[in-house]
Each structure stands twice: as structure tokens, then as C-alpha cells.
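Residue numbers (the UniProt record's numbering): 1 to 135.
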């Protein structure tokens, strides 16, 4: 199943994932360079890299030249490729479980502004280098 990613409109990849055949989303070079482990980052080439949007595929990034980087090569879990807890805000490391805790158990959040204030979600400005989608 392919997922749409917030901020992905107009960033559709020209190529499909070589493993699953799903069309991905373009990512900036700084995003992939920031999130790959050291060994994988050393093999980066000067090509367009894309985020595979399939939750069932182990590939996270693939290059237009056929290069692939799997979940094992990435330093952070990719929210739509993992089970809960899923990171919702990479800048402040806020998970879906934390948000649900504030809504259901603590009953202190009733809207997006409350969630931001109580959890710190959507409060960072480093999405380009911390979020696997770069958004």
C-alpha cells in the first residue's frame, strides 16, 4: 500500500521503486545524506533519490540509477513502514502513542493547537534533515 506524504504534492518521482514497482516521491540530497548511516552515505551518487511510499516494501530510498537503500541503512524509523509507536514529529521525536496518551488518557488535548502545546509535535523546523520525506 502506497502512502501519500504531507508536502509531497508536485514531488512525484519520475521512476518507480525497483523492488516493489510503486512510484515514489523525490527527496532533497540533504535529506538522504542526513538520514543514511555512515557506511551507506559513502555510496551516495549524484542522482535523484526518491522515497518509496509503499508500507510493505523494505526499500526506503531508491535512486534513478537503480540504487536502493533499505530500512537498515536509515538511522531513523520511517513512520509508514513501521508499527506503532510511529514517529509523527521527527524534529521533537513525538510518537503516535504520546499524542494518543494526551488525547485519551490525560484528556488535555482537544485540537491541533493543544497537541502542539502538550507534546511539542509540529514545533520543530528541521524536517528537511530529520524527516525521511524531508517535509
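All residues carry an ideal CB built from backbone N, CA and C; glycine is no exception.
Give the straight-line distance between the Cα atoms of residue i and residue j, rounded to the nearest whole angstrom.
| i | j | result |
| --- | --- | --- |
| residue 11 | residue 99 | 28 Å |
| residue 21 | residue 105 | 41 Å |
| residue 73 | residue 125 | 24 Å |
| residue 116 | residue 93 | 12 Å |
| residue 68 | residue 42 | 13 Å |
| residue 96 | residue 28 | 26 Å |
| residue 132 | residue 45 | 18 Å |
| residue 47 | residue 65 | 7 Å |
| residue 121 | residue 63 | 30 Å |
| residue 81 | residue 24 | 14 Å |
| residue 34 | residue 130 | 7 Å |
Taking 8 Å as the cut-off, decide whether the C-beta atoms of residue i and residue j are in contact.
| i | j | result |
| --- | --- | --- |
| residue 30 | residue 112 | no |
| residue 102 | residue 84 | no |
| residue 32 | residue 61 | yes |
When the Cα of residue i is compared with those of the options, which residue comes out closest?
| i | options | result |
| --- | --- | --- |
| residue 123 | 132, 97, 89 | 89 |
| residue 26 | 45, 120, 50 | 50 |
| residue 36 | 76, 24, 87, 81 | 76 |
| residue 13 | 34, 53, 32 | 53 |
| residue 39 | 24, 70, 107 | 70 |
May I ask you to check if the CB of residue i is nearer than 7 Å to at least one heavy atom of the ligand HEM?
| i | result |
| --- | --- |
| residue 87 | Because no ligand of any kind appears in the structure shown, any question about the ligand HEM cannot be addressed here. |
Given 8 Å, three or more beta-carbon pairs between the region 55 to 73 and the region 13 to 29: Yes: the two stretches touch, three or more of their Cβ pairs being nearer than 8 Å.
Inside the region 86 to 118 only - alpha helix (DSSP H) runs reaching at least 4 residues: 96 to 100
3-residue-minimum beta strand (DSSP E) runs that sit fully inside the region 6 to 89, ordered along the chain: 12 to 16, 23 to 27, 49 to 51, 59 to 63, 68 to 70, 87 to 89
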